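Asks: Let me give you the structure first, and then I'll get to my questions.
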Amino acid sequence: MLAPASKWTVGALGVVLLLCFSALLASVWWQADTTAETRWYILLNLQLPLAVTATVVGAALCVSGAALQVVLRNPLADPGIIGIASGASLMAALVLILMPEWMVSTLHYSMPLACFAGALMSTAIIYRLSARLRGLNTAVILAGIAITTLTSAVMGWLYLFADAQSMRNLTFWVMGSLHQADGWILLWSAPLILASCFLIIAKGKTLNYLYNGELTARSAGIDPAHESKVVLIACALAVGAAVAIAGSIAFLGLLVPHYVRLLMGFDNRVVLPASALCGGVMLLLVALFSDLLPYATLPVSMLTASLGGPLLLYALLKGQFK
Amino acid sequence: MSQSIKLDNVCLDQRLSNISVTIMQPGITCLLGSNGAGKSSLLLVLAGLVEPEQGQVYWGQTDVFTSPLAVLSVHRCFVAQQHSIQFELTGRECLQFLSPSQSPDIPGELIRKLDIADLLDKPITRMSGGELQRIMISRALLQVWPAIKSGNAIIVLDEPLQGVDIRHQTVLMHWLSALAKVGNQIIMSCHDINIANTFADTVLLAKAGQMLAYGPTRDVLNLSNLWLTFDCQFECLFKDEQRHFIPVRQVTGF
């Protein structure tokens, strides 16, 4: 049974998310010298997709990070660090370069599908490696670094052969952006992300058993291999769809669950929804901050990395990752 | 009342060969044997956690490996020899996450008997080996707490006393004896022959993946069986009509 305080905390985070979402939409009215008609146009065509993108991408990355850390039994697991996001980015880049432009713009589901396939491939490699290298925590991270390095190398080759427009598009997959998603791709990706997030959150109680190791979880009546596969596929789906609409975003999936656990304990029935909500709030704040800067749209990864890098170093220096 | 456990011609790669035994209930059964004798493998198989390549395991009339894990876990708990938790959980979280309701409330009797009141809010990374072992035993018992109270639990413990100090060992073994008396089946491995001699109702001796002997403690624990099991000579001393086994000299391989 969940403590009432935990329910209240998750509820409060939901309210904060709604406030940030509304603030981002309302920011249209802060802009001077625009007519009401223009404001409504900006609201529906720019701000609403931006707010939806920030919310679902933040939730997808953070809830996946929290779940991956338990399934791979590694507090350093993050969709970016272990190579899931870079696998998705690579597939997106390949589709972008190799598929004719009309096909990409007509088949709206091609990008989420390609990202999901890339994310699933990376996840499968990491899962097999983590099963083989059981007990070697660093090996999973090193394998993730190897996948990321390999995908970066392939992306480098793609840059070499890409034309000017494709190069700009490729930069989006590397740096990440909340402003690229249009209504069509959101229509495909957002429901996929939300369904995956709800599935992962529903597995909170099962993931609690996995904290104690596979043998103990099995002894408690859980099939760890089956449950891990279900959660990993859901994570790959969520991360793949998130990369399809916002590119690669660093650190969020590592640090948000880490600080949520520091503040709220380890119960995944709380950690997973709280991470999803905090992730959404974080990216909404990034979008708001980016909106406040005149004449510039900041790549989201630049902001999250500027914040996440020092926080990660601080956590490592404090010995918070054991 | 707990059920008997029957192993029928069980083989598991190089670790167990043709083991057939019926462990009758209720009581404490102690597995004794040298390192690599197959004690842990045997415990994993009879707990229904590792399926043997050959042979069957029955709890009463139930074929263990055709029953769902969730059904088995209501009556059977298991404490592994090694524990690997990568997160800085507290003792309470460790226990909570394995109880069926995942409630933070821990039965007072469990807290008292295993003396874990001071460990509930302590991170497991800061616990000593013995403290962690007591938390792991509590965690397993909590999983089948209703079955223990109704006297039909199967409690499988792989070296539960390792790292635990002598006072807590004694309290734990007395409590396990009391639980066995109300019908629970307790099967454990250990390396202390005198603990087995004092508390076990039956003893199983294993060597090189095979069963050497199984039966009531008084019959099975004798000098010739101990010599066969450990390649080590023992002396038997009597005090207050209680036997005590003491190794006298090393015999082979050293």
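The listed protein sequences correspond, in order, to chains A and B.
All residue numbers for the first sequence refer to this note's numbering, where the first residue is 8 and numbers rise by one.
All residue numbers for the second sequence refer to this note's numbering, where the first residue is 88 and numbers rise by one.
Even for Gly, the Cβ is constructed at its ideal location relative to N, Cα and C.
Since this is a predicted model, take the numbers as computed values, not measurements.
Name the one or two DSSP bridge partners that Gly-114/B has.
Replies: Gln-272/B
Asks: Using a Cβ cut-off of 8 Å, which residues of the segment 199–232 of chain A contact any Cβ in chain B, in chain order?
Replies: Those residues of the segment 199–232 of chain A that come within reach of chain B (Cβ to Cβ, closer than 8 Å) are Lys-212, Asn-215, Tyr-216, Tyr-218, Asn-219, Gly-220, Leu-222, Thr-223, Arg-225, Ser-226, Ala-227, Gly-228, Ile-229, Asp-230.
Asks: Could you compute how far the alpha carbon of Leu-292/B sits from the alpha carbon of Ser-93/A?
Replies: In a straight line, the C-alpha of Leu-292/B is about 55 Å away from that of Ser-93/A.
Asks: Can you check which of these residues, Leu-165/A, Gly-163/A, Ser-255/A, is closest to Ala-126/A by C-alpha distance?
Replies: Ser-255/A
Asks: Verify whether the separation of the beta carbon atoms of Arg-102/B and Ser-128/B is less than 7 Å.
Replies: yes
Asks: On a Cα-Cα basis, can you pick out the residue from Lys-200/B, Ala-204/B, Leu-263/B, Ile-193/B that is closest to Gly-238/B?
Replies: Leu-263/B
Asks: So Ile-235/B and Arg-163/B are in contact, right, with Cβ under 8 Å, and what is the actual spacing, rounded?
Replies: The Cβ separation is near 11 Å, so there is no contact.
Asks: Note down, in chain order, each residue of its chain lying with its Cβ closer than 6 Å to the Cβ of Leu-269/A, except the 5 sequence neighbours on either side.
Replies: none
Asks: From Leu-244/B to Ile-273/B, what does the alpha carbon distance come to, in whole angstroms?
Replies: 8 Å
Asks: Under the rule that 16 or more other beta-carbon atoms within 10 Å means buried, what is Leu-94/B, buried or exposed?
Replies: Buried.
Asks: Suppose you measure from the CA of Ala-322/A to the CA of Glu-140/B; what does that come to, to the nearest Å?
Replies: 47 Å
Asks: Which residues share a DSSP beta bridge with Met-298/B?
Replies: Ala-293/B
Asks: Note down, in chain order, all residues in the segment 224–249 of chain B with a beta-carbon under 9 Å from any beta-carbon belonging to chain A.
Replies: Arg-226, Ala-227, Gln-230, Val-243
Asks: List, from N- to C-terminal side, the alpha helix (DSSP H) runs of 4 residues or more that fit wholly inside the segment 101–173 of chain A.
Replies: 108–113, 117–139, 144–168
Asks: Is the segment 210–225 of chain A close to the segment 275–283 of chain A, with three or more CB pairs under 8 Å?
Replies: Segments in contact, yes.
Asks: Would a C-beta distance cut-off of 7 Å place Ala-245/A and Ala-67/A closer than the cut-off?
Replies: Closer than 7 Å, so yes.
Asks: Residues of chain B with a CB under 9 Å from the CB of Gly-260/A: which are they?
Replies: None at all; the shortest Cβ gap to chain B is about 16 Å.
Asks: Let's see if you can read the secondary structure: which residues bound the alpha helix (DSSP H) around Leu-31/A?
Replies: Element bounds for Leu-31/A: 11–33.
Asks: Between which two residues does the alpha helix (DSSP H) harbouring His-215/A extend?
Replies: A quick correction: the sequence has Asn, not His, at residue 215/A. Where Asn-215/A is concerned, the enclosing alpha helix (DSSP H) stretches over 211–217.
Asks: Taking the Cβ atom as the reference point for each residue, do Leu-119/B and Ala-267/B lie within a distance shorter than 7 Å?
Replies: no
Asks: Would you grab the beta carbon distance between Val-7/A and Ala-281/A for me? Rounded to a whole angstrom, and I think it's under 8 Å.
Replies: What is shown of chain A runs 8 to 329, which leaves residue 7/A out entirely.
Asks: My guess is that Cys-27/A and Ala-283/A are in contact by the Cβ rule of under 8 Å, so how many angstroms apart are they, rounded?
Replies: Not quite, the Cβ-Cβ distance comes to about 14 Å (not below 8 Å), so this is no contact.
Asks: Do Asp-252/B and Gly-216/B count as a contact pair if the criterion is CB distance below 7 Å?
Replies: No, the Cβ-Cβ distance between Gly-216/B and Asp-252/B is not below 7 Å.
Asks: Kindly list the residues whose CB is nearer than 6 Å to the CB of Leu-214/A, restricted to its own chain and excluding five residues on each side of it in sequence; keep chain order.
Replies: Val-77, Asn-275
Asks: If you check the beta carbons only, do Gly-190/A and Leu-262/A fall under 7 Å apart?
Replies: no
Asks: Between Arg-80/A and chain B, is the shortest Cβ-Cβ distance under 7 Å, so that the two count as touching?
Replies: yes
Asks: Kindly indicate the opening and closing residues of the beta strand (DSSP E) around Asp-298/A.
Replies: No beta strand (DSSP E) contains Asp-298/A, which is instead part of the alpha helix (DSSP H) from 275–299.
Asks: Compute the distance between the beta-carbons of Asp-208/B and Thr-177/B, then report whether it is under 7 Å.
Replies: yes
Asks: Taking Cβ-Cβ distances shorter than 8 Å, what residues in chain A pair up with Ile-222/B?
Replies: Per Cβ cutoff of 8 Å: no residues; Ile-222/B is ~11 Å from chain A at best.
Asks: Should Pro-231/A and Gly-72/A be called a contact, given that it needs their Cβ atoms to be closer than 7 Å?
Replies: No, the Cβ-Cβ distance between Pro-231/A and Gly-72/A is not below 7 Å.
Asks: What's the call for Val-161/A, buried or exposed, on a 16-neighbour Cβ count within 10 Å?
Replies: exposed
Asks: Suppose you measure from the CA of Glu-322/B to the CA of Glu-328/B; what does that come to, to the nearest Å?
Replies: 15 Å
Asks: Is there a Cβ of chain A sitting closer than 7 Å to that of Leu-136/B, yes or no?
Replies: yes
Asks: With DSSP as the reference, identify every bridge partner of Cys-98/B, one or two as the case may be.
Replies: Gln-141/B.
Asks: Give me the DSSP bridge partner(s) of Ile-242/B.
Replies: The secondary-structure analysis by DSSP pairs Ile-242/B across a beta bridge with Cys-164/B, Ile-273/B.
Asks: Can you name the residues that DSSP bridges to Gly-120/B?
Replies: Ala-293/B
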